[in-house]
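In mature numbering (1 follows the signal peptide of the UniProt record, and there is no 0), the protein residues as written are -19 to -1, 1 to 855.
Ideal placement from N, C-alpha and C gives every residue a C-beta, glycine not left out.
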């Protein structure tokens, strides 16, 4: 999400052409809805009406409770549940109205995926890309639990994460670091574990951003802009971009946030095919769909397309006190334009999710303000005149979560190179430490709003996916605490007076940053447009200078994603390269844990590191054009990251999944067991839907949205459901409303690929179980990661990437000589492709021709099993 700072909101009110205020009364809503034509074959077909929620048995109790409430709500109370109260109109970054008669407060929604944003006494965890690099399911879950505990402690109902879009298609993409890596299975497993952990605490997780959100620039539509259209074919959508969303829905996620961009020419906020057809029908999503902030561009259109909640509630221009929903939705229901049936489903989904996670039982109210750190302040900062009160209670929710934060950051550290075993360092080694990335921000650890600067050690990118640091242990701090023989040069220009001897080890810190589009840092508007895939602040030159002076150089990289290392990676003096990713508040402690050998590094790359940016397909480059809508057509299809490198026969500098240790491992003794035979091409027929709540279809009396006459203080700019003349709205003739093409109120047949949360439950039948023995063959303790890749047969008659990650497991710490048997399971879906004609998942019968590879990276696969054949060394 975005647009939370006052400066950003003000910028929305000014046209970049005229530099004059935009008057929303002079804006034709039809202009907002216009879209440039998409390439042939990429149109998004209509899918109406919205499938109702409540037909999945796991949600039956929650929906029954919701029905009892919603059936007794007034129209105003229902509208309150769907519409945000307006930007800066409450303590949270967004909140709905309330239904206090039923004990339902304003529902509080807050960023971010790595910690509670813009608050105090909270933990700043490592972000998703770092979590992905751990390849550790237990840590993914533990971090999710800790995030949920902190959100609950602050009174946050909905914590907006995890992120699985962007997937990382574009290596320069600004928000790739918020997700778990450039692979759908890694993203899916990371998201599912995080969701389960978060929601175990009673906090509602939000899986985002749905879908095709791979670039920051030109992402948004507004009264003066058109967001780009991500044009994605059906198979690519299902096998890559939808894959982690399906797993997240299967994990029971409570809410899904739509993206800013268009997909196939239709804005995600009102793309009926995506929301109604794919998410709610095919994937059986039972929770509520919420906009990203200010992503809604139409009222009736988005309601009919399946949107359930508008955030922060404002209309085309924030802080004007109007909304696409709110009182306008009241009108649309009263005059019949939006069916009451649709509104009831919207509200039921929201209230059922609130009940599902037990938020009716002693869930705390917000005890903080995301608008100020002062103890007292404006209750509604967005209002011209606001009451003043206590807004921050400074509740400390950190507990012992620093332990989890440090463990995630430590286990993510990825050793790419370690010639002559220069690492681990010894306490008495003579160290010369270079680079501002080793130190702190001289202006203060939280001096840049939403971390919109690159000063000091890079611990997270910038934007709404950040969190304030309660403290920061820098590498300089931690190294100084561990070594009495270290000298620090916290500069990005190599000092001319440095002396070196043969015993010195130069430790050079460099970084590469990115973030969200509403902040530009050093010329980079979110995406890495100016910096490209190179280190910031002349980092490459700093390494080269150190390599000229010192015979032993260790390079530590904090980065949002892949960077080009070719200027120095093969220099004889560069002995070791460590990717520490984005470590959060425990940056220094986690790093010295590994640098000095308390732990062996066990992280693995969650993306490929190329030799040159030209090694990527051209279609994954950033697109910018001054006029018209950008048509970003995903012509590379399934071939992103390592899939592309293998298809193009390009050897990267370091392959996806690569990561060394201070010890060595081998993977042997593979065995393959059939669990559920693949005795048919397609899964068993889906189960039928259970009944859904049924309400009266009688439009309520207009008086239900009349302004209250007593005991009511109206706040200017606050978004209410009330109308000045509700009776007039009810008399409006809605027959002339231009309904979308293909609109219908007759339910479509249930898609054959659906049947439960995530899709047909038969897709998750365990088809095969693979066992391998992982042995520590070195002289130090350490953890290993077994990565399982599937090779599908040509008999499927589809162009398919040669290898696709489907599972992984991390061992416990193994002592030298010790071994562990690792078990990995493959589902029917893991071995399937999406049949665009049949609209179902197709697998090779009996698994014929399937090969299952296991190793320590996609470039180091040591054992293979052929289904129906032998297992052995690769």
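Check whether the region 47 to 67 touches the region 742 to 754, taking contact to mean three or more Cβ pairs, one atom from each stretch, closer than 8 Å.
At 8 Å Cβ cutoff, the stretches do not touch.
Starting from residue 168, trace the alpha helix (DSSP H) in both directions and tell me its first and last residue.
Counting from one through the chain shown, the residue named residue 168 turns up at place 187. Taken as a continuous stretch (DSSP letters only), the alpha helix (DSSP H) holding residue 168 covers 165 to 180.
Would you report the Cα separation of residue 646 and residue 767, rounded to the nearest angstrom?
Within the chain shown, residue 646 is the residue found at index 665, counting from 1. Within the chain shown, residue 767 is the residue found at index 786, counting from 1. When rounded, the separation of the alpha-carbon atoms in residue 646 and residue 767 is 10 Å.
Answer yes or no: does any C-beta atom of chain D fall closer than 9 Å to that of residue 733?
Absent here is chain D; the protein component of the structure consists of one chain.
When the Cβ atoms of the region 616 to 632 are set against those of the region 174 to 187, are three or more pairs found closer than 8 Å?
Here the region 616 to 632 makes no contact with the region 174 to 187; the two share fewer than three CB pairs at distances below 8 Å.
Who are the near neighbours of residue 345 in its chain, counting only those whose CB is closer than 6 Å to its CB and skipping five residues on each side?
Taking the first residue of the chain shown as 1, we reach residue 345 at position 364. The answer, listed in chain order, is 136.
Am I right that residue 243 and residue 16 are in contact with their C-beta atoms under 8 Å? What's the rounded C-beta distance?
Within the chain shown, residue 243 is the residue found at index 262, counting from 1. Within the chain shown, residue 16 is the residue found at index 35, counting from 1. That belief holds up - the Cβ atoms of residue 243 and residue 16 are roughly 7 Å apart, short of 8 Å.
DSSP state of residue 5, grouped into three classes?
Within the chain shown, the letter at position 24 stands for residue 5. In this prediction, residue 5 has a pLDDT of 34, which is less than 50 and means its spatial position is unreliable; what the coordinates show is noted afterwards. Three-state DSSP puts residue 5 in a helix.
Where does residue 525 fall in DSSP's three states?
For the purposes of this step, residue 525 is taken as the residue at position 544 of the chain shown. If DSSP states are grouped into helix, strand and coil, residue 525 belongs with the helices.
Report the rounded CA-to-CA distance for residue 100 versus residue 360, giving the unit in angstroms.
On the chain shown, residue 100 is found 119 positions in, with the first residue counted as 1. On the chain shown, residue 360 is found 379 positions in, with the first residue counted as 1. Rounded to the nearest angstrom, the two C-alpha atoms are 15 Å apart.
Would you call the region 600 to 607 and the region 355 to 371 in contact, with 3 or more CB pairs under 8 Å?
Judged by Cβ distances under 8 Å, the region 600 to 607 makes no contact with the region 355 to 371, as fewer than three pairs qualify.
Among 684, 388, 409, which residue has its Cα nearest to the Cα of residue 561?
Position 580 of the chain shown, counting from 1, holds the residue named residue 561. For residue 561, the nearest C-alpha among the options comes from 388.
Measuring straight from C-alpha to C-alpha, what distance separates residue 860 and residue 122?
This structure does not reach residue 860, given that the chain is present from -19 up to 855, and the question cannot be answered.
For the region 451 to 471 against the region 410 to 421, do three or more pairs of beta-carbon atoms, one drawn from each stretch, fall closer than 8 Å, so that the two count as touching?
yes
Starting from residue 46 and walking both ways along the alpha helix (DSSP H), at which residues does that stretch end?
As a position in the chain shown, residue 46 is number 65, starting the count at 1. Start and end: 41 to 51.
What residue from 399, 275, 577 has the CA that sits closest to residue 409's CA?
Here residue 409 refers to the residue found at position 428 when the chain shown is read from its first residue. It is 577.
Take residue 704 and list the residues in its own chain whose beta-carbon comes closer than 6 Å to its own, dropping the five residues that flank it on each side.
Start at 1 with the first residue of the chain shown, and residue 704 comes out as number 723. Same-chain partners within the cutoff: 308, 311, 686, 710.
Just the Cα atoms here: how many angstroms apart are residue 800 and residue 385?
For the purposes of this step, residue 800 is identified with residue 819 of the chain shown, where counting begins at 1. For the purposes of this step, residue 385 is identified with residue 404 of the chain shown, where counting begins at 1. C-alpha separation (whole angstroms): 26 Å.
Going by beta-carbon coordinates alone, are residue 286 and residue 331 separated by less than 9 Å?
On the chain shown, position 305 is the one that residue 286 refers to. On the chain shown, position 350 is the one that residue 331 refers to. Their beta carbons are not under 9 Å apart, which means residue 286 does not touch residue 331 by this criterion.
Which runs of the alpha helix (DSSP H), 4 residues or longer, sit entirely within the region 241 to 329?
281 to 286, 308 to 315
Going by other Cβ atoms of all chains shown within 10 Å of its Cβ, with 16 needed for buried, is residue 723 buried or exposed?
Numbered from its first residue, the chain shown carries residue 723 at position 742. So residue 723 ends up on the exposed side.
Are the region 440 to 449 and the region 551 to 561 in contact at 8 Å, needing three or more beta carbon pairs?
Short answer: they don't touch.
Would you report the Cα separation of residue 314 and residue 300, rounded to the nearest angstrom?
Translated into the one-based positions of the chain shown, residue 314 becomes position 333. Translated into the one-based positions of the chain shown, residue 300 becomes position 319. Near 24 Å, if we compare the C-alpha coordinates of residue 300 and residue 314.
Shortest alpha-carbon distance to residue 464 belongs to which of 476, 406, 505, 769?
On the chain shown, position 483 is the one that residue 464 refers to. Answer by Cα proximity: 406.
Can you give the Cα-Cα distance for residue 421 and residue 436, rounded to whole angstroms?
Taking the first residue of the chain shown as 1, we reach residue 421 at position 440. Taking the first residue of the chain shown as 1, we reach residue 436 at position 455. When rounded, the distance between both Cα atoms is 7 Å.
Report the residue from 590, 93, 668 whose alpha carbon sits nearest the alpha carbon of residue 640.
Indexing the chain shown from 1 puts residue 640 at position 659. Minimum Cα distance to residue 640 is reached at 590.
For residue 490, report the span of its beta strand (DSSP E) as first-last.
Residue mapping note: residue 490 aligns to position 509 of the chain shown, counting from 1. Its beta strand (DSSP E) spans residues 485 to 493.
Using a 10 Å radius around the Cβ and a threshold of 16 neighbouring Cβ atoms, would you call residue -10 buried or exposed?
Locating residue -10 in the chain shown gives position 10, counting from the first residue. Annotation note: pLDDT 33 at residue -10 (below 50); position unreliable, coordinate value reported separately. A residue is called buried when at least 16 other Cβ atoms come within 10 angstroms of its Cβ; residue -10 does not meet this threshold and is exposed.
In the DSSP assignment, the beta strand (DSSP E) including residue 785 goes from what residue to what residue?
For the purposes of this step, residue 785 is taken as the residue at position 804 of the chain shown. Residue 785 -> beta strand (DSSP E) spans 785 to 791.
Which residue marks the beginning of the beta strand (DSSP E) containing residue 928, and which one marks its end?
Outside the displayed range of the chain (-19 to 855) lies residue 928, so it cannot be described from this structure.
Going by beta carbon distance, what residues of the same chain come within less than 6 Å of residue 424, once the five residues before and after it are set aside?
Within the chain shown, the letter at position 443 stands for residue 424. Taken in chain order, the list of residues that qualify is empty.
Can you tell me whether residue 339 is helix, strand or coil according to DSSP?
Position 358 of the chain shown, counting from 1, holds the residue named residue 339. Reduced to three states, the DSSP call for residue 339 is coil.
Could you please give the first and the last residue of the uninterrupted beta strand (DSSP E) stretch that includes residue 121?
One-based indexing of the chain shown puts residue 121 at position 140. Counting along the chain, residue 121 falls outside any beta strand (DSSP E), though it belongs to the alpha helix (DSSP H) covering 118 to 135.
Bridge partners for residue 407 per DSSP, in chain order?
The sequence position of residue 407 within the chain shown is 426, counting from 1. Residue pairing of residue 407 in beta bridges, as defined by DSSP: absent, with no partner found.
How many Å lie between residue 351 and residue 207 at the Cα?
Here residue 351 refers to the residue found at position 370 of the chain shown. Here residue 207 refers to the residue found at position 226 of the chain shown. Cα to Cα, the separation comes out at about 29 Å.
Just to confirm the assignment, what range does the alpha helix (DSSP H) spanning residue 628 have?
Here the question's residue 628 lines up with position 647 in the chain shown. It spans 622 to 628 - the alpha helix (DSSP H) in which residue 628 sits, taken as one unbroken run.
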